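Only one structure is covered here, and it is reproduced in the block below.
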Amino acid sequence: MVIDVDGVEVIDEQIINVLRIVKERGSLLAASKSIGMPYSRLWERISKIERLLGRKLLLHRRGGRRGGGSVLTEFGETILKIYGAAKTRLEEAGLARPLYMPIESGDPVVVVSYSHDPVIELILKSLSARGFKIRGVCSGSGLSLAMLVLGEADVSCIHIYDPGLGEYNKPYLERFGLLDRVEYIGGFQRQVVLAYRGDINIDNAEDAFKGILEGRYRVALRNRGSGTRAYFDYLLKRYSEKLGIQVKDIKGLEIEYPTHEEVCRSIESGETDIG
Numbered sequence: 004m005v006i007d008v009d010g011v012e013v014i015d016e017q018i019i020n021v022l023r024i025v026k027e028r029g030s031l032l033a034a035s036k037s038i039g040m041p042y043s044r045l046w047e048r049i050s051k052i053e054r055l056l057g058r059k060l061l062l063h064r065r066g067g068r069r070g071g072g073s074v075l076t077e078f079g080e081t082i083l084k085i086y087g088a089a090k091t092r093l094e095e096a097g098l099a100r101p102l103y104m105p106i107e108s109g110d111p112v113v114v115v116s117y118s119h120d121p122v123i124e125l126i127l128k129s130l131s132a133r134g135f136k137i138r139g140v141c142s143g144s145g146l147s148l149a150m151l152v153l154g155e156a157d158v159s160c161i162h163i164y165d166p167g168l169g170e171y172n173k174p175y176l177e178r179f180g181l182l183d184r185v186e187y188i189g190g191f192q193r194q195v196v197l198a199y200r201g202d203i204n205i206d207n208a209e210d211a212f213k214g215i216l217e218g219r220y221r222v223a224l225r226n227r228g229s230g231t232r233a234y235f236d237y238l239l240k241r242y243s244e245k246l247g248i249q250v251k252d253i254k255g256l257e258i259e260y261p262t263h264e265e266v267c268r269s270i271e272s273g274e275t276d277i278g
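Everything in the sequence shown is counted per the working numbering, starting at 4 for the first residue and increasing by one.
Okay, structure coming up:
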């Protein structure tokens, strides 16, 4: 049994099992181990489903005795209830059948892991449309490099800043032991911005970070391991020291967003103020 949107299969029994495990154990990692799917691939699949539905199924939190985890959103809970009720009705009518997971055919020749960037996604879609067998996994810069180390990815697209050296990317290739094992190709430069609600008056970056540090603005943050999050944490520390405000009153640290679009949606919906 599946849930589809406009004829496109979106949620199947495997994803429902993932939601159940997250609800019971509070861990997407535990779910990935249970179903035998790499964590990065499961993360990417959940993110795609959320983009298709326009709603979040999970919230990723940090902190706590076990270092954080994942919880279902109200929408995720609703999906579980709807699916469970529908399956019960099918079973009562004698129409339910066991789920057989098909063996995937036509596996991609090249797996590209990347930190979220609309340009990268356009390039991957263009290559796929031209007949190249390629799979993109949006996992964040840090996890993309980890996938490269583990052999789960053939290409890793990253943009991650090292504040100690004031340099992008190469220091992390050295730390992961990849510098002499991969071909390093420079891509393109890009600007990163702080987006915020239209009814907030912000004059400059210092003004924005002052409001974040003082707890006046709830911030939407990318997931840890992404290049954008690493750079945000660097700026936060820098402005904390400059303004003499401790990093303790910040609102929004408990939730992480895997893509830029989800950060923007959270601001647009009023869940957060800036990100």
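Note that the Cβ used here is the ideal one computed from N, Cα and C, for glycine as well.
For clarity, every value in this text was computed on a predicted model and none was experimentally measured.
Contact between the segment 36 to 53 and the segment 133 to 143 is present: three or more C-beta pairs spanning the two stretches fall below 8 Å.
DSSP, reduced to helix, strand and coil, places Ser-229 outside both helices and strands of the structure shown, so it counts as coil. Burial check for Glu-53: the Cβ neighbour count within 10 Å reaches 16 or more, so the residue is buried. Where Val-158 is concerned, there is no enclosing alpha helix (DSSP H), although the beta strand (DSSP E) around it starts and stops at 158 to 160. Counting other Cβ atoms within 10 Å of its Cβ, Tyr-117 reaches 16 or more and is therefore classed as buried.
One alpha carbon belongs to Ile-253, the other to Gly-180, and they sit about 35 Å apart. The straight-line gap separating the alpha-carbon atoms of Leu-125 and Arg-225 is approximately 20 Å. In this structure, Lys-84 is the residue among Gly-230, Gly-57, Lys-84, Arg-268 with its C-alpha nearest to the C-alpha of Asn-20. Taking 9 Å as the cut-off, the beta carbon of Ala-223 is found no closer than this to the beta carbon of Gly-273.
For Gly-72, the uninterrupted beta strand (DSSP E) segment begins and ends at 72 to 75.
A direct Cα-to-Cα measurement between Arg-23 and Glu-80 gives close to 9 Å. Within a 10 Å sphere around the beta-carbon of Phe-191 sit fewer than 16 other beta-carbons, which makes this residue exposed. If you check the CB distance, Lys-26 and Leu-75 come in under 9 Å.
Where Gly-214 is concerned, the enclosing alpha helix (DSSP H) starts and stops at 208 to 216.
Here the segment 166 to 180 makes no contact with the segment 128 to 138; the two share fewer than three CB pairs at distances below 8 Å.
A residue is called buried once 16 or more other Cβ atoms fall within 10 Å of its Cβ, and Pro-261 is buried on that count.
Under the DSSP assignment, Val-250 falls outside any beta strand (DSSP E); it carries neither an H nor an E label. Around the C-beta of Ala-149, 16 or more other C-beta atoms lie within 10 Å, and the residue is accordingly described as buried. In the structure shown, the three-state DSSP call for His-63 is strand. Per DSSP, Tyr-117 is one residue of the beta strand (DSSP E) stretching across 113 to 117. Classified as exposed, Lys-245 has fewer than 16 neighbouring CB atoms from the shown chains inside 10 Å of its CB.
Look at Val-195 here: in three-state DSSP terms it is coil, with no helix or strand label. Gly-278 counts as buried, since no fewer than 16 other beta carbons sit within 10 angstroms of its beta carbon.
By the neighbour-count definition (other C-beta atoms within 10 Å, threshold 16), Asp-120 is a buried residue.
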